[in-house]
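In full-length UniProt numbering, the protein residues as written are 1 to 501.
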């Protein structure tokens, strides 16, 4: 008897739903693009679903930043800062605080943080509904003819075929697990913020901002933390600044293990037994966090069916300055694109400007030069422009002038907080007649708030004299930029002497 069954894609071909724009990925870039396109009158579909972590955790719409990245990270960073303030309150005259009775409840913090995350998920859903965007909680797969077969993420696994002349891929990245025995006994930042039990003695493996931020706020929440730095920490940042960040981390109680790697992990009751290479020994931890890079997960999309080109090493999509991939009508924005800084605000702007180009005849593209960013370690590091290392490579050592200063924030004076020993500002400018500033770097409290305004000035192009002729707001940490006078070349002591120096 002859079967009349047909492949799923062919069976649904005649009933494909057409959209002006299909967005795959409900993170920062995808949401931004879909909402802007809908505002411009486009019929938009947004497809978003999350592959669960090995521990079974998945989350709602909003992407990494809103669910397991920037937002919960910043809230836990703030929780750690609040704890530090409590310890110093008596020095400002606050009485009745029995330090021996001040403890931290991990579950209470995790609950309030995740309530905030779920609130954001709800807001995004409402925004999509209000703008008339069709939201599919589903996985996407490219099939013949460049059409998209979606399969719902629920138990029903309902399939629907969609088609559009414009398709955006904005699926972001996920943390890497090392290829070692017992790797799945560890977790990543995808699981950290929803842990049901306090992390306890924790090993954080990685040298990037995710590793150092997690180590920092966990130490601030009274956890015993060790970070394994397998390579140069924060290697893309100014190394003078990185030195101070690392020294402050150590002074705050974070132990740093260097020059070894994890060979394997084994269960030992409720503990994780970690074996280190190079005679690094064996140690037990309550929690192991892998924070050594992020990678695409696009296998389910089957990009090979439409021929989208990717970087062979990283797996990221190749796209031009207009976000066009190698296939006509297919675009990509955000962390998934090769060579793009992995930053939420960049993805948001990229998505919005793409929608403008597609549906309002705009020609505006993202300007990738001069994007500011911040590392939310206990003592924050914020930066815009070139590092000193990059500036020397580009202009030569004699082609730049480096102004710098060690300062003590007023927040640290009364409690005599030794974090003031690590606060630092640097401005790098050209040694020609323009004196153009090519890099600004700040290590200190509230670094992101400080740098945002300077990033605007940097974008329009300022000179070191523009900084120096600006009247300072006093007293604050931000004024240290406009007070810069000492150069590295002079060999003079860069430490600030007195509040009016």
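Glycine residues also receive a C-beta, built at the ideal position from the N, C-alpha and C atoms.
In this text the structure is predicted, and so the values were computed from the model without any measurement.
Asked, Found
"In three-state DSSP terms, what is residue 144?", "helix"
"Residue 439 bridges to which residues according to DSSP?", "385, 428"
"Grouping DSSP H, G and I as helix and E and B as strand, with all else coil, what is residue 359?", "helix"
"Helix, strand or coil for residue 181 per DSSP?", "coil"
"How far does the beta strand (DSSP E) with residue 312 in it reach, from first residue to last?", "Where residue 312 is concerned, there is no enclosing beta strand (DSSP E), given that its DSSP letter is neither H nor E."
"Do residue 437 and residue 484 have their C-beta atoms closer together than 8 Å?", "no"
"Please classify residue 491: is it buried, with 16 or more other beta-carbons within 10 angstroms of its beta-carbon, or exposed?", "exposed"
"Less than 8 Å between the C-beta atoms of residue 238 and residue 383, yes or no?", "yes"
"Could you give the DSSP three-state label for residue 57: helix, strand or coil?", "coil"
"Taking 8 Å as the CB-CB limit, is residue 15 close to chain C?", "Annotation note: the requested chain C is absent from the structure, which comprises a single protein chain."
"Smallest Cα separation from residue 266: which of 182, 320, 201?", "182"
"Taking the alpha carbon of residue 230 as the point to measure from, which residue in 216, 185, 293 has its own alpha carbon closest?", "293"
"Using the three-state DSSP reduction, which class does residue 89 fall into: helix, strand or coil?", "helix"
"Judging by CA-CA distance, which residue of 58, 393, 171 is the nearest neighbour of residue 154?", "58"
"Cβ of residue 61 within 7 Å of any heavy atom in the ligand ATP?", "Ligands in the displayed structure: none, and consequently the ligand ATP is not present."
"Please go through the same chain and pick out, in chain order, the residues whose beta-carbon is closer than 6 Å to the beta-carbon of residue 158, but skip the five residues on each side of it.", "152"
"Could you tell me which residues DSSP puts in a beta bridge with residue 285?", "272"
"The alpha helix (DSSP H) that contains residue 449, what's its start and end?", "447-460"
"Can you tell me where the beta strand (DSSP E) with residue 403 in it begins and where it stops?", "400-406"
"How would you label residue 403, buried or exposed, when you count the other beta carbons within 10 angstroms and need 16 or more for buried?", "buried"
"Would you mind reading off the limits of the alpha helix (DSSP H) that contains residue 464?", "464-468"
"Does residue 328 come out as helix, strand or coil in the three-state DSSP assignment?", "coil"
"Where does residue 475 land, buried or exposed, given buried means 16+ other C-beta within 10 angstroms?", "exposed"
"Which residue marks the beginning of the beta strand (DSSP E) containing residue 159, and which one marks its end?", "159-163"
"Report the residue from 376, 481, 359 whose alpha carbon sits nearest the alpha carbon of residue 464.", "481"
"Could you compute how far the alpha carbon of residue 478 sits from the alpha carbon of residue 450?", "6 Å"
"Taking only the alpha-carbon atoms, compute the straight-line gap between residue 111 and residue 105 and give it to the nearest angstrom.", "10 Å"
"Return the chain-ordered list of same chain residues with a C-beta closer than 6 Å to the C-beta of residue 495, the five sequence neighbours on each side being excluded.", "406"
"First and last residue of the alpha helix (DSSP H) that includes residue 215?", "209-220"
"Quick one: grab the DSSP three-state call for residue 336.", "helix"
"Tell me where the alpha helix (DSSP H) around residue 250 begins and ends.", "239-251"
"Going by beta carbon distance, what residues of the same chain come within less than 8 Å of residue 489, once the five residues before and after it are set aside?", "401, 402"
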